[in-house]
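Reviewing the structure listed below.
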Amino acid sequence: MKAVILAAGEGMRLRPLTTSEPKVMIPIANRPILEYVVDALVKNDVHDIVMVVGYRKERIMSYFQDGKKFGAKIEYVVQEKQLGNGHALSCARDRVSGDFLTLAGDNIVDARAVDDLLRSGTCPSALVVESENPSKYGVVTIEKGSIRSVVEKPVDLVSNIILTGLFCLKDPIFEVIDQCIEDGKYGLSDAFRATLGRTGIKPVFSDGLWIDAVYPWDLLELNSAALENAPVRTAGKIEKQVTIAGPVGIGEETVIRAGTTIYGPVMIGEGCDIGPNVTIFPSTSIGDNVTIEPYTVIKNSILMSNCSIAAHSYLSHCVFGYGVKSKSHLMATGSEAFVNVGDEFFKVPHMGCIVGEDAEFGAGVVIEPGTIIGAGCKVSSGSKIMRNLPNKALVM
Amino acid sequence: MCGIVGYVGGKRAQPILLDSLKRLEYRGYDSAGIAVIGEGVQCFKAEGEIAVLEASMPEMEGTVGVAHTRWATQGRPTTENAHPFVGCQNKVAVVHNGIITNFMALRESLVADGHEFSSDTDTEVFAHLVEANLENGDLMDAVKAALKLIDGTYAFAVVADGMEEVVAARNESPLVVGLGNGENFLASDVTALLKHTNKVVYVMDGEMVRITRDAVTIIDSEGNPVERKPERIAWSLEDAEKSGYPHFMLKEIFEQPNAIHESLLGRLESIDAEGSFFQEQSFSSIKIVACGTSYHAGLVGKYVIEELARIPTTVQISSEYRYSTAARENPLVVLITQSGETLDTIAAAREARKRGNRTVAIVNVVGSAISREVDHVIYTRAGPEISVAATKTFVTQLIALYLMAMELGIKGRSLTAQARKSVTNQLRNLPRAVQDVLNQAQTIESLANKHSKARDMFFMGRNIHYPISLEGALKTKEISYIHGEGYPAGELKHGPLALLSKDTPVVAIAVKDHTYEKMIGNISEVSARDSPVIAIAVVGDTEIGKFADDVIYVKEIPPLFLPVPIITALQLWAYYLAKARGCPIDKPRNIAKTVTVE
Chain A
5 MKAVILAAGE GMRLRPLTTS EPKVMIPIAN RPILEYVVDA LVKNDVHDIV
55 MVVGYRKERI MSYFQDGKKF GAKIEYVVQE KQLGNGHALS CARDRVSGDF
105 LTLAGDNIVD ARAVDDLLRS GTCPSALVVE SENPSKYGVV TIEKGSIRSV
155 VEKPVDLVSN IILTGLFCLK DPIFEVIDQC IEDGKYGLSD AFRATLGRTG
205 IKPVFSDGLW IDAVYPWDLL ELNSAALENA PVRTAGKIEK QVTIAGPVGI
255 GEETVIRAGT TIYGPVMIGE GCDIGPNVTI FPSTSIGDNV TIEPYTVIKN
305 SILMSNCSIA AHSYLSHCVF GYGVKSKSHL MATGSEAFVN VGDEFFKVPH
355 MGCIVGEDAE FGAGVVIEPG TIIGAGCKVS SGSKIMRNLP NKALVM
Chain B
11 MCGIVGYVGG KRAQPILLDS LKRLEYRGYD SAGIAVIGEG VQCFKAEGEI
61 AVLEASMPEM EGTVGVAHTR WATQGRPTTE NAHPFVGCQN KVAVVHNGII
111 TNFMALRESL VADGHEFSSD TDTEVFAHLV EANLENGDLM DAVKAALKLI
161 DGTYAFAVVA DGMEEVVAAR NESPLVVGLG NGENFLASDV TALLKHTNKV
211 VYVMDGEMVR ITRDAVTIID SEGNPVERKP ERIAWSLEDA EKSGYPHFML
261 KEIFEQPNAI HESLLGRLES IDAEGSFFQE QSFSSIKIVA CGTSYHAGLV
311 GKYVIEELAR IPTTVQISSE YRYSTAAREN PLVVLITQSG ETLDTIAAAR
361 EARKRGNRTV AIVNVVGSAI SREVDHVIYT RAGPEISVAA TKTFVTQLIA
411 LYLMAMELGI KGRSLTAQAR KSVTNQLRNL PRAVQDVLNQ AQTIESLANK
461 HSKARDMFFM GRNIHYPISL EGALKTKEIS YIHGEGYPAG ELKHGPLALL
511 SKDTPVVAIA VKDHTYEKMI GNISEVSARD SPVIAIAVVG DTEIGKFADD
561 VIYVKEIPPL FLPVPIITAL QLWAYYLAKA RGCPIDKPRN IAKTVTVE
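Take a look at the structure:
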């Protein structure tokens, strides 16, 4: 069976982390979210994959190439305008026929979830899970073993069962999508609603893993879940008097200098220069080509590739995008926080700050928990950042 | 230059040869042909790209064959002059990459002996010579006898009626054998073989090779058997697919952040970790020798080496190097070539050794010819580059030059440990600086669309950006066919200003360094002639917009490292100009990727 992965959207709620790549490429335990999806398919012997790409598609194509490295054969189709996931799926219509799988590229699924859907043996069918927070998703009600209704992001609680974005579909779905598009409805759930009366869609419950990151701070949870199962390989150069406890992955040509202490699970990429005397606590992922100078402490954070953090800094529960640079004494502590995204405020039990790619901090910058700092911001020495900064803001 | 392939095994040869040939199309594509041994020698050729051959050729049965894609050097690109060539009796078929210099004399004597020729090429001579020597029935002997008569450069592959083998020979043109299971392959380049095998054996100059279904026999020029261990190629075929991109060139431009990362990996502390090439000797001067895009990398290298290592550096075009007389001093000669097969550069390496100079090659292809001609090799690790227009290999050549300059600077004590650390940090920044330009691809595309109708275009810069102007102009002319010319900005008033008008856009590199004021002056000079000015400037430059019509902004990093993001912007600029003009971007007319002729 072929699979179509929808990977065209930006994932706007994760801004500023999506400045130069779509949500599906955000690294979790140093692998893009999309790689987990591809992996889950390949483990179930689904090798023929069509990826619908759009926003910053080059990042996806350059990483996955033709899929051979991942055990898959990947073709790409382009959704020029990101109108909705129904429209995205219809872009792949020439590449599939009969029964096929459809997956959302921006949720982590494991092989078991895919297996459960495949083994249910019926098509059309949809993988569903119970959610604590159904209002962010497509919520379904079930009657006599069949899905009766689909409500997208309901305000009132109808049910706690949500669609995961993982479906087995038949090709007549494309005609239904066409009709919906004519009526100006571009979502996949619109098309499902239109088919419910006719063919019916079977819900399939799964014990497999399905996790989504809607907001930037959700990435930390995803990261620690993924690190629990991540394969650990230690390469690079580890100097004397380095303490490593628990599962710690270290990439090729990375140098861990004397006196550094790392408590796993921690994942460190290739070509990094860490220490001397740095301390890293769980559950932390550090990308490629990252430098961390002496006496810096990092806790439960994600640092993407090419970041550099100078001496005496403290980072807890933070997500730093690609190429963030900081001079010494950066203080980014974590605690309970109220975070502002768009017009909404969220209460997050424990978080530090979210920093967009290529932001630069002078020495001694203090960042309040719950702050979101835009891509390419420049913050001068001694500043205290207490509220969100838009992209390319200058703080003098 | 041309591309050759050969096959012998248990499968139908035709589709395998054709598929392999397509991967060599970058080496030449003005005509192509194929010969398969079945019921006699079946041979078919066609003028034009390989697709033309594929569409017009008949089905051929048989499991032994050779094929060729041509880039004309001797004789016009026509069907008659396409390879393979067969002899008068239609018993052998020959494909050839190279030039036979004494072919006129040989041809006259063959004609006198009654041989009839069907083409104007040098290669046909060889087909007749092999056929004439085939009387005792051993193809290897016949080829050996024919080789004795010819002078020149070559990679030949020959098949003969009724024989289940391909015989090949090499002299200064690339040739590699691919080892399969019950089948073996031959090609000019490993990319043609990767679909079938990753185990290869390189054939060296002066050697001959016979491949059969189960055996590969190499002999040297004296006829002694050669034992050579197969090498495993780490590149997989996926690296040679377009993977969703419309062109290899765009794919390769977008791979640059990763190529830079690969190129830096493990080398920031020393580029020569195992050896001691740079540590054991000191050099009072450096001479960089290269062609084309690599030459431009060399020009950038001059500024980098002089700044970081304070060693006087000169740069010379490979084909001109031999005409310079050996100076009294003894420079380190640095040869830069993507493929490692560029004949002019290999010849320069030999000349340098003859003059007693130490030599270093900066090269992308592992195991290529030049690595055997020099004292030390620095690989650029860019991965395979298919597009004729070099992009990621240029950028990684620059990385190699930064690293080498740093090494020499430390050795010569012009660079302190502290200064080195700062250079290292700047190098680590480069993948992000390039990514930042890639993020602006759409802006650059719309700018390029605005100027795609231009017939001429000038590129100007000062200091280290002068060679980048040259490279921007080269990219533009080779793929968009717009006449692009790069100039040191100070030289415009010594001639080119006369050519400027509202129809000649000028691309000006004006970054915030000690040349900035002067560049602004040059831009004003140009705008006064009504030329539209596209400036490349750094983020945070609020002045430039007042002088230029359009601006492409790159991240502000120290000027010494700006060539890397700026050339990325110019590569995209050239790409989108060519796209707007509907040019065949990966395969521009009349040029080939690796030039294996002089």
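Residue numbers (my numbering), protein chains in the order written: chain A, 5 to 400; chain B, 11 to 608. Here a beta-carbon is modelled for each residue, glycine too, at the ideal position from N, C-alpha and C. Computed from a predicted structure; not experimentally measured.
Segment contact, 8 Å Cβ cut-off, at least three pairs: the stretch 548 to 563 of chain B with the stretch 518 to 536 of chain B = Counting Cβ pairs under 8 Å, three or more are found: they touch.
| chain A contact for GLY555(B) (CB, 9 Å cutoff) | Working through the second sequence from its first residue, we reach residue 555(B) at position 545. No, its Cβ sits nowhere closer than 9 Å to a Cβ of chain A.
Specify, as a first and last residue, the run of the beta strand (DSSP E) that GLU147(A) falls within. Within the first sequence, numbered from 1, the residue matching residue 147(A) stands at position 143. Element bounds for GLU147(A): 142 to 147.
Straight-line Cα distance separating GLU14(A) from PRO235(A): Taking the first residue of the first sequence as position 1, residue 235(A) is located at position 231. Taking the first residue of the first sequence as position 1, residue 14(A) is located at position 10. When rounded, the separation of the alpha-carbon atoms in PRO235(A) and GLU14(A) is 29 Å.
**Asked** chain E beta carbons: is any one of them nearer than 9 Å to that of GLU84(A)?
**Response** Of the chains in the structure shown, none is chain E; the protein chains are A and B.
(message) Rounding to the nearest angstrom, what Cα-Cα distance links SER537(B) and GLY555(B) in this structure?
(response) Start at 1 with the first residue of the second sequence, and residue 537(B) comes out as number 527. Start at 1 with the first residue of the second sequence, and residue 555(B) comes out as number 545. Each residue's alpha carbon lies about 13 Å from the other.
Practice task
Report buried or exposed for GLY188(B), applying the criterion of at least 16 other Cβ atoms within 10 angstroms of its Cβ.
Solution key: In the second sequence, counting from the first residue as 1, residue 188(B) sits at position 178. Under this definition GLY188(B) is a buried residue.
Q) On the three-state DSSP scale, how would you describe ARG97(A)? A) Taking the first residue of the first sequence as position 1, residue 97(A) is located at position 93. In the three-state reduction of the DSSP assignment, ARG97(A) falls in the helix class.
task: Could you list which residues in chain A have their beta carbon closer than 9 Å to that of PHE264(B), in chain order?
output: Stepping through the second sequence from its first residue, residue 264(B) is reached at position 254. Result: GLU62, ARG63, MET65 and SER66.
* Hey, VAL46(B) and ALA23(B) are a contact pair by Cβ (cut 8 Å); roughly how many whole angstroms apart? -> As a working note, residue 46(B) is residue 36 in the second sequence. As a working note, residue 23(B) is residue 13 in the second sequence. Here VAL46(B) really is in contact with ALA23(B); their C-beta atoms are around 5 Å apart, less than 8 Å.
DSSP three-state call for CYS381(A): helix, strand or coil?
For this step, residue 381(A) is matched to residue 377 along the first sequence. In the structure shown, the three-state DSSP call for CYS381(A) is coil.
Practice task
Would you grab the beta carbon distance between ASN395(A) and PRO20(A) for me? Rounded to a whole angstrom, and I think it's under 8 Å.
Solution key: Mapped onto the first sequence, residue 395(A) falls at position 391. Mapped onto the first sequence, residue 20(A) falls at position 16. Between PRO20(A) and ASN395(A) the Cβ distance is about 6 Å, and since that is below 8 Å, they are a contact.
**OP:** Could you spell out the range, first to last residue, of the alpha helix (DSSP H) harbouring PRO477(B)?
**Re:** Residue numbering aside, residue 477(B) sits at position 467 when the second sequence is read from its first letter. For PRO477(B), the enclosing alpha helix (DSSP H) has its first and last residue at 475 to 490.
- Task: Leaving aside the five residues before and after VAL399(A) along the sequence, list all residues of the same chain whose C-beta is less than 8 Å from its C-beta, in chain order.
- Result: Stepping through the first sequence from its first residue, residue 399(A) is reached at position 395. Here the set comprises CYS381, LYS382, VAL383, SER384, SER387, ILE389 and LEU393.
- Task: Provide the residue(s) that pair with ASN107(B) in DSSP beta bridges, ordered along the chain.
- Result: The sequence position of residue 107(B) within the second sequence is 97, counting from 1. ALA165(B).
In terms of residue numbering, what span does the beta strand (DSSP E) encompassing SER511(B) cover? By one-based count along the second sequence, residue 511(B) stands at place 501. No residue range can be given for SER511(B), since it is assigned to no beta strand (DSSP E) and is classified by DSSP as neither H nor E.
**Secondary structure of ALA443(B), DSSP reduced to three states** = Position 433 of the second sequence, counted from the start, is the residue given in the question as residue 443(B). DSSP, reduced to helix, strand and coil, places ALA443(B) within a helical segment of the structure shown.
Item to check | Residues within the stretch 322 to 350 of chain A neighbouring chain B, beta-carbon criterion of under 7 Å | outcome: Cβ contacts with chain B: TYR326 and GLY327.
query = GLU25(A) and ARG60(A) look like a contact to me (Cβ under 8 Å); what is the Cβ gap, rounded to whole Å?
reply = Taking the first sequence and counting its residues from 1, the one referred to as residue 25(A) is at position 21. Taking the first sequence and counting its residues from 1, the one referred to as residue 60(A) is at position 56. Indeed they touch by this definition, with Cβ atoms about 5 Å apart.
In whole angstroms, what separates the C-alpha of GLY255(A) from that of ASP277(A)? On the first sequence, position 251 is the one that residue 255(A) refers to. On the first sequence, position 273 is the one that residue 277(A) refers to. Straight-line Cα distance between these residues: approximately 11 Å.
Taking Cβ to Cβ, would you say LYS503(B) is nearer than 9 Å to GLU535(B)? By one-based count along the second sequence, residue 503(B) stands at place 493. By one-based count along the second sequence, residue 535(B) stands at place 525. A contact, by the Cβ cut-off of 9 Å.
Item to complete: Check the Cβ-Cβ distances between ARG438(B) and every residue of chain A, and say whether any is below 9 Å.
Response: Residue numbering aside, residue 438(B) sits at position 428 when the second sequence is read from its first letter. With respect to chain A, the C-beta atom of ARG438(B) has a partner C-beta closer than 9 Å.
*Given that VAL57(A) touches chain B, what residues does it touch there, using C-beta distances under 8 Å?*
As a working note, residue 57(A) is residue 53 in the first sequence. Residues of chain B with a Cβ closer than 8 Å to the Cβ of VAL57(A) are, in chain order, GLY254.
TODO: Output yes or no for whether 9 Å exceeds the beta carbon distance between VAL369(A) and HIS333(A).
DONE: As a first step, residue 369(A) is located in the first sequence; it is residue number 365 there, counting from the start. As a first step, residue 333(A) is located in the first sequence; it is residue number 329 there, counting from the start. Yes.
Option in CYS184(A), GLY374(A) and VAL57(A) with minimal Cα separation from LYS351(A): On the first sequence, position 347 is the one that residue 351(A) refers to. Out of CYS184(A), GLY374(A) and VAL57(A), GLY374(A) has the C-alpha closest to the C-alpha of LYS351(A).
| Where SER304(B) falls: helix, strand or coil (DSSP) | In the second sequence, the residue the question calls residue 304(B) occupies position 294. Note: SER304(B) maps to helix in three-state DSSP.
* To do: Can you pull the chain B residues whose beta carbon is under 7 Å from the beta carbon of GLU274(A), in chain order?
  => To locate residue 274(A), count along the first sequence from 1; it is residue 270. In chain order: LEU275.
Buried or exposed: GLY75(A), going by 16 or more other Cβ atoms within 10 Å of its Cβ? As a first step, residue 75(A) must be located in the first sequence, where it is residue number 71. GLY75(A) comes out exposed.
Original post:
In chain B, what lies closer than 9 Å to SER320(A) by C-beta?
Top reply: Looking up residue 320(A) in the first sequence gives position 316. Residues of chain B passing the Cβ test: none, with the nearest at roughly 24 Å.
request  = With 7 Å as the limit, tell me which residues of the stretch 257 to 274 of chain A have their beta carbon closer than that to any beta carbon of chain B; keep them in chain order.
outcome  = Answer in chain order: GLU257 and GLU274.
Q.
Given this structure, state the Cα-to-Cα distance separating PRO220(A) from PRO542(B), to the nearest angstrom.
A. As a working note, residue 220(A) is residue 216 in the first sequence. As a working note, residue 542(B) is residue 532 in the second sequence. PRO220(A) and PRO542(B): Cα-Cα distance of roughly 44 Å.
message = I'd like the ranges of any beta strand (DSSP E) spanning at least 3 consecutive residues and lying wholly in the stretch 201 to 279 of chain B.
response = Listed in chain order, they are 209 to 212, 218 to 221 and 226 to 229.
In chain order, which continuous runs of the beta strand (DSSP E) of length 3 or greater are located wholly inside the stretch 23 to 54 of chain A?
Counting only runs of at least 3 residues, the stretch 23 to 54 of chain A fully encloses no beta strand (DSSP E) element at all.
- [ ] Can you have a look at LEU116(B) and say buried or exposed, based on whether 16 or more other CB atoms are within 10 angstroms of its CB?
- [x] Within the second sequence, numbered from 1, the residue matching residue 116(B) stands at position 106. The residue is buried, with at least 16 neighbouring Cβ atoms inside 10 Å.
GLY279(A) by DSSP, collapsed to three states: which one? Within the first sequence, numbered from 1, the residue matching residue 279(A) stands at position 275. Looking at GLY279(A) - three-state DSSP - the assignment turns out to be coil, as it is neither helix nor strand.
How far does the alpha helix (DSSP H) with GLN24(B) in it extend, from its first residue to its last? One-based indexing of the second sequence puts residue 24(B) at position 14. First-last of the alpha helix (DSSP H) with GLN24(B): 23 to 32.
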